[in-house]
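K.L.:
In this text, residue positions in the sequence shown follow this note's numbering: the first is -7, and each later residue adds one. Where is the CB? At the ideal position from N, CA and C, for every residue including glycine. First the structure, then my questions, so here it is.
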Amino acid sequence: HIEVINPLIYYPKLEYLDLGQNKIGQQSFDSYLELVQLLPRSSVSILLLDGNTNLTVNVSTINKTFPALNSLCLDKKTIDSLSDKVRDRFERLKIDLKSPSSSTGPETDHLVNTN
C-alpha cells in the first residue's frame, strides 16, 4: 500500500523534478504522466530523466506537460541516440539537453577519448 501525498501542498513551486533511474525504469515517458498529473508542472524548469537509456523521448508530450521546462537531463547514451530532428525541436523550444553523468569535467572526457 503506497500512500499518495499531494505534492501541491509540499511543492507549490516545484522547479526541479527528478524522474531518474529508479522511478521510471525502462518505460516510456507517457506512461508516467499519471504520476506527473499530481505535480505542479507549470513551474518545473529542470527535469532529470538520467539513467533511462530506453526512454522514449517525445518532445511535444514533454513540452505540453512541462510548459516552463528549460533544462532536460538525460543520460549520455540517450542524448547520443536522439535524431537531429528531435534535437532541433528541443532547440526551437529552448530546452537545453544535458547529461549529468558526463558533467565530471573535461579531464575525464579527454581520458575517455584517448582510450
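1) Taking only the alpha-carbon atoms, compute the straight-line gap between Leu9 and Leu64 and give it to the nearest angstrom.
2) Could you tell me the boundaries of the beta strand (DSSP E) in which Asp10 lies?
3) To which residues does DSSP link Lys90 through a beta bridge?
4) To the nearest angstrom, how far is it from the Cα of Pro59 to the Cα of Leu40?
5) Closest to Asn143 by CA distance: which of Ile87, Val78, Lys56 is it?
6) Residues in its own chain within less than 7 Å of Ser37 by CB, not counting five upstream and five downstream?
7) So if DSSP puts Leu39 in a beta bridge, which residue, or which two residues, is it bridged to?
8) Between Arg81 and the rest of its own chain, which residues show a CB-CB distance below 7 Å, the 5 nearest in sequence each way excluded?
P.N.:
On the basis of the data shown:
1) Cα to Cα, the separation comes out at about 10 Å.
2) 8 to 10
3) In the DSSP output, where bridge partners are listed per residue, Lys90 has Cys65.
4) 15 Å
5) Because the chain here runs from -7 to 107, residue 143 falls outside it and cannot be looked at.
6) Glu7, Ala60, Leu61, Asn62, Ser63
7) Leu9, Leu64
8) Val51
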